[in-house]
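S.K.: Provided herewith is a single structure, encoded as structure tokens, for subsequent inquiry.
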């Protein structure tokens, strides 16, 4: 088996933390970087050793995926619109809530699927977010049936995670989250917002990285693909 995948997921807080990406990519030897709340009209084609796979085009708060092009060949990308929340209908921040990239890992001679996901905000219900997550997983299954799959991002689901975990297992996905809270905007309000759901993949560790200019902290996922 080839070496682990280092995947970073980061909600940039309306693009405020975009200046940190080059240092993150170098410091953590990143293979795939998944971004949320980025201004996709103001992102580079390359961040150090990472190249842009794709980004959303119509969101005010967009998604992007970068990958290491000396390790992977990009085979396909797709953007998926998921069920809208009332916040989406009124504020129109986002409807394209999943960006997926199918990559061929030349080190292990296998395809993998990586998704950058951004669920509806806390003003929506957990029920709606569960439906969005389930729809995202269904979309990934269609795009890469049976492939090792990792979906990372801002799930906006800090409470009642046990219920979500049970539902994920029923659908064939494993829910994982990092060692420390990933949201720290307010002194007394912290929680896990940034998750990983995976299938046909081994999640070895998830670390919360130091806070920068965003109210979210980036996470580093170390994943492996079973032989």
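Numbering (full-length UniProt numbering), first residue to last: 1 to 227.
Ideal Cβ positions, reconstructed from N, Cα and C, are used throughout, including at glycine.
Owing to the predicted nature of the structure, the values given are computational and were not obtained by experimental measurement.
Could you spell out the range, first to last residue, of the alpha helix (DSSP H) harbouring residue 152?
M.R.: Within the chain shown, the letter at position 152 stands for residue 152. Careful: residue 152 lies outside any alpha helix (DSSP H), inside the beta strand (DSSP E) at 149-154.
S.K.: Using only the alpha-carbon positions, how far apart do residue 44 and residue 215 sit?
M.R.: Looking up residue 44 in the chain shown gives position 44. Looking up residue 215 in the chain shown gives position 215. If I take the Cα positions, the gap works out to 22 Å.
S.K.: Between residue 195 and residue 175, which are expected to be in contact by the criterion C-beta below 8 Å, what is the C-beta distance as a whole number of angstroms?
M.R.: Taking the first residue of the chain shown as position 1, residue 195 is located at position 195. Taking the first residue of the chain shown as position 1, residue 175 is located at position 175. Right, their Cβ atoms sit about 6 Å apart.
S.K.: Going along the chain, which residues of its own chain have a beta-carbon closer than 8 Å to the beta-carbon of residue 106, five neighbours each way excluded?
M.R.: To locate residue 106, count along the chain shown from 1; it is residue 106. Taken in chain order, the residues that qualify are 71, 72 and 73.
S.K.: Report all residues from its chain with a CB closer than 6 Å to the CB of residue 143; omit the five preceding and five following residues, and keep chain order.
M.R.: By one-based count along the chain shown, residue 143 stands at place 143. Around residue 143: 78 and 100.
S.K.: Assuming residue 157 and residue 164 form a contact by the criterion Cβ under 8 Å, report the distance between their Cβ atoms to the nearest whole angstrom.
M.R.: Position 157 of the chain shown, counted from the first residue, corresponds to residue 157. Position 164 of the chain shown, counted from the first residue, corresponds to residue 164. Contact flag correct, Cβ pair sits at about 6 Å.
S.K.: Between which two residues does the beta strand (DSSP E) harbouring residue 30 extend?
M.R.: Locating residue 30 in the chain shown gives position 30, where the first residue counts as 1. From DSSP, residue 30 is part of no beta strand (DSSP E); its letter is neither H nor E.
S.K.: How big is the Cα-Cα spacing for residue 38 and residue 116?
M.R.: Counted from its first residue, the chain shown places residue 38 at position 38. Counted from its first residue, the chain shown places residue 116 at position 116. Cα to Cα, residue 38 sits roughly 12 Å from residue 116.
S.K.: Would you decide whether residue 27 is buried or exposed? Buried here means 16 or more other CB atoms lie within 10 Å of its CB.
M.R.: As a first step, residue 27 must be located in the chain shown, where it is residue number 27. Classification of residue 27: exposed, given that the 10 Å Cβ count is below 16.
S.K.: From residue 223 to residue 179, what does the alpha carbon distance come to, in whole angstroms?
M.R.: In the chain shown, residue 223 corresponds to position 223, counting from 1. In the chain shown, residue 179 corresponds to position 179, counting from 1. One C-alpha to the other measures close to 15 Å.
S.K.: Can you tell me the Cβ-Cβ gap for residue 6 and residue 209, rounded? I've got them flagged as a contact below 8 Å.
M.R.: As a first step, residue 6 is located in the chain shown; it is residue number 6 there, counting from the start. As a first step, residue 209 is located in the chain shown; it is residue number 209 there, counting from the start. Going by Cβ atoms, the distance from residue 6 to residue 209 rounds to 12 Å, so no, they are not a contact pair.
S.K.: Have a look at the DSSP bridge pairing and note the partners of residue 163.
M.R.: The sequence position of residue 163 within the chain shown is 163, counting from 1. Partner(s): none; residue 163 has no beta bridge.
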